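Participant:
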Amino acid sequence: MLFIITTQLGKMGGSLLTNPSSNDIRAFLSSLSLPTLIEEQRDLLDAPITVEEVVGVIGSLPSGKSPGLDGFTAKFYKCYATELAPLLSNEAFETSCLPPTLMESVITVVLKSGKNPTDKTNKKYRPISLLGYDEKVLSKLLSLRVNKVITSLVAKLT
C-alpha cells in the first residue's frame with residue numbers, strides 16, 4: 774500500500790514526497806474511492822465518553838497484569854471504578870488535559886518461556902512495555918467504539 778501511495782504522490786509532484794501539505798494529502802485521498810462512515814457512525818465515534826462506558830471497560834479488563842509507572846493495578850481501578858471513571862471520561866477531554874501517564878511506559882525484558890536464564894545468548898529475553906492502566910482503559914474504550922463501525926470500512930475476511 775505504501776508503494777502505491779508513494780507512486781501516486783510522485784505522479785502528483787516530486788515535492789509531495791518530501792513535504793506534502795494537508796491540502797495535498799486531502800486532494801490525494803479524495804481522489805481515491807474509499808469507503809466512508811455515515812453520519813450516525815461518525816456520531817458514535819465522536820460521542821462524549823461517559824462514566825458508564827469507563828466503568829464498564831474497567832470491569833472488563835483482565836486483572837493480574839503488571840502496572841505502569843504509576844503503580845496502580847487493575848485491582849485498584851476495579852475497586853475504585855466509580856470514583857476514577859469521571860477522571861477518565863470527558864472531563865479530561867473538555868479541559869484538553871489528558872492524564873500524563875498516557876504518555877509514559879516502562880520497557881523491560883522478561884525471560885522467554887522455557888529458556889535458561891544462565892544461557893549467554895541474547896535470544897532468551899523479550900522486551901515488553903508496561904503501560905498505565907488509564908491508557909489501557911482509554912484504548913479499550915476507543916477500540917470497542919471502532920469495532921462497531923470497522924466492517925463498514927474494511928472488508929470481512931472469509
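Counted from 1, the sequence shown has number 922 at position 149 by this note's numbering; the numbering is strictly sequential. Glycine is no exception: its CB is placed at the ideal position from the N, C-alpha and C atoms. This one's a predicted model, so the numbers in the text were calculated from it and none came from an experiment.
Whose C-alpha, out of R918, L914, S925 and V922, is nearest the C-alpha of V828?
Facilitator: Start at 1 with the first residue of the sequence shown, and residue 828 comes out as number 55. Out of R918, L914, S925 and V922, L914 has the C-alpha closest to the C-alpha of V828.
Participant: For the segment 801-815 against the segment 881-898, are there 3 or more C-beta pairs whose distance is under 8 Å?
Facilitator: no
Participant: If N933 sits next to K897, beta carbons under 8 Å apart, how far is it from one beta carbon to the other, in whole angstroms?
Facilitator: Residue coverage of the chain in this structure runs from 774 to 931, which leaves residue 933 outside it and unanswerable.
Participant: In angstroms, rounded to a whole number, what distance separates the CA positions of C852 and S836?
Facilitator: Position 79 of the sequence shown, counted from the first residue, corresponds to residue 852. Position 63 of the sequence shown, counted from the first residue, corresponds to residue 836. Distance between the alpha carbons of C852 and S836 is about 11 Å.
Participant: Alpha carbons only, please: which of E825, S839, I923 and F801 is nearest the one belonging to A854?
Facilitator: The residue you call residue 854 lines up with position 81 of the sequence shown. The option with the nearest alpha carbon to A854 is E825.
Participant: Using only CA atoms, which one of S886, M876, L818 and E908 lies nearest to A858?
Facilitator: Stepping through the sequence shown from its first residue, residue 858 is reached at position 85. Cα-wise, what sits closest to A858 is E908.
Participant: Tell me, to the nearest whole angstrom, how far the beta carbon of E877 is from that of G841; I am working on the premise that it is less than 8 Å.
Facilitator: Within the sequence shown, numbered from 1, the residue matching residue 877 stands at position 104. Within the sequence shown, numbered from 1, the residue matching residue 841 stands at position 68. Going by Cβ atoms, the distance from E877 to G841 rounds to 6 Å, so yes, they are a contact pair.
Participant: In the DSSP assignment, what residue or residues form a beta bridge with I901?
Facilitator: Within the sequence shown, the letter at position 128 stands for residue 901. DSSP output for I901 lists T881 as bridge partner(s).
Participant: Would R815 be called buried (16 or more neighbouring beta carbons within 10 Å of its own) or exposed?
Facilitator: For the purposes of this step, residue 815 is taken as residue 42 along the sequence shown, with counting starting at 1. The residue is exposed, with fewer than 16 neighbouring Cβ atoms inside 10 Å.
Participant: Closest to P873 by C-alpha separation, out of L904, V922 and D892, would be which residue?
Facilitator: Within the sequence shown, residue 873 is the residue found at index 100, counting from 1. Of the listed residues, the one whose Cα sits closest to P873 is L904.
Participant: State the start and end residues of the unbroken alpha helix (DSSP H) segment that holds P859.
Facilitator: Along the sequence shown, one-based indexing puts residue 859 at 86. Taken as a continuous stretch (DSSP letters only), the alpha helix (DSSP H) holding P859 covers A854 to L861.
Participant: Would DSSP call G841 helix, strand or coil?
Facilitator: Counted from its first residue, the sequence shown places residue 841 at position 68. Here G841 sits in coil by DSSP.
Participant: Out of curiosity, what's the CA-to-CA distance linking F801 and T823?
Facilitator: As a working note, residue 801 is residue 28 in the sequence shown. As a working note, residue 823 is residue 50 in the sequence shown. The alpha-carbon atoms of F801 and T823 are separated by roughly 36 Å.
Participant: Evaluate L818 with the Cβ neighbour count: other Cβ atoms within 10 Å of its Cβ, from every protein chain shown; 16 or more gives buried, anything less gives exposed.
Facilitator: Stepping through the sequence shown from its first residue, residue 818 is reached at position 45. Exposed, since its Cβ has fewer than 16 Cβ neighbours within 10 Å.
Participant: Leaving out five residues on either side along the sequence, give the residues of the same chain with a beta carbon under 7 Å from the beta carbon of G887.
Facilitator: Locating residue 887 in the sequence shown gives position 114, where the first residue counts as 1. Here G887 has no same chain residue with a Cβ atom under 7 Å from its own Cβ, once five neighbours each way along the sequence are excluded.
Participant: With distances taken Cα to Cα, identify the nearest neighbour of K848 among I831, E813, L911 and S869.
Facilitator: To locate residue 848, count along the sequence shown from 1; it is residue 75. Comparing Cα positions, the closest option is I831.
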